[in-house]
Every structure is written in C-alpha cells, then in structure tokens.
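**Student:** Residue 636 is where the sequence shown starts when you use our numbering, and the numbers rise one by one after that.
We treat Cβ as the ideally placed atom computed from N, Cα and C, and that holds for glycine.
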Amino acid sequence: MKNIILTLIGIFSLFTSCVDEKKQKIQDQEQCAQNKNIEFKYDSLTLKFIDKYKNINLDKAQVFHIKKGQHILLSHKLNQQDSQLKIKNITGLQTTDTLEIKLPDNLNFKLYNFKNTPYYGGKNLLGCSLGEYMIKDKKIAVPYYDILNIY
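1) Buried or exposed: which applies to Thr681, given that a residue is buried once 16 or more other Cβ atoms fall within 10 Å of its Cβ?
2) Thinking C-beta only, is His700 closer than 7 angstroms to Leu709?
3) Helix or strand or just coil, what does DSSP make of Ala668?
4) For Glu656, which three-state DSSP category applies?
5) CA-CA distance, Gly766 and Gln719?
6) Short check: CB of Leu746 to CB of Tyr754, under 7 angstroms?
7) Can you name, in chain order, every residue of its own chain whose Cβ lies under 6 angstroms from the Cβ of Lys683, other than the five neighbours on each side?
8) So, for Leu728: in the same chain, excluding its five sequence neighbours on each side, which residues have a beta-carbon less than 6 angstroms away from its beta-carbon?
Right, dumping it as structure tokens:
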C-alpha cells in the first residue's frame, strides 16, 4: 500500500512539473514575441538561397533594410559556392521592418514579419533571438540561428 501511495505521489509530481514547464515555455514565447527589436544570437545574418534558387547568380545582389519607408542599402559578403549572402553587424531590425533582396532579372524577395523566439541551454532560457519570418506570405521558422532560407 505504501508503495502505491509513493508511486501516485511521484506521478503527480512529474505531471505538475511538466505542466509548469509548458506554462514557462509559453510565458517565454510571449515575452520574446513582445520585443519589437529583433535580437541575433551572433553578429551576422545569413541569407541562404536553396531549392530552385540554389545556383542563382548572387554577384549583383543588393540587400535593403526597409524601415519606416526608408531603403537602407546593407553591405554583405557573398559566398556564391554555398549560395549565401552574409550581412555583418545588422542593427536596428524591428518586427515591422522588411528586408528586400534584389537580384538581376527583376528577381526580388521580401522578408518581413520578423519575430523573436526563446532559445535555451538545457532547460534554462538563455535569451530571445530571431526565430520566425515571412516570405511570400508564408511563415518560416529559422532553422539555425541567424540563417534565413530563401526558396
């Protein structure tokens, strides 16, 4: 009888701790989403072209940060072999801003509706960083820290 009671207490404790963890994760997500300034885990943002855009010529690519109607040209480093543009020291990106990538042949991409999400070390919240964005009206989760896939 004593073993049954101890087992039930253990199950109850485990259940309540799982509920508390879920509540905490929801609170963390809400806290990160409220931050209008987009945070980055590293000091750069990588735009990675994949699928049908993997072998596109990025030599003449231009990247603009559109903020309150102003177009700010961002400097970037090209890695044509990996179909990537790397933007160093991107600052001031907010949830309401847009990144526009202009490529030759009138091929343009707009990334918008940025959102911070929590990141963890073990079970501990370490901070918030860019976790979601939209392109072509499709919401995309950031697969790796500060790498945005374009497809």
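**Tutor:** On the basis of the coordinates in this document:
1) buried
2) yes
3) helix
4) In the three-state reduction of the DSSP assignment, Glu656 falls in the helix class, which pools H, G and I.
5) 19 angstroms
6) no
7) Gln719, Ile782 and Asn784
8) Ile673
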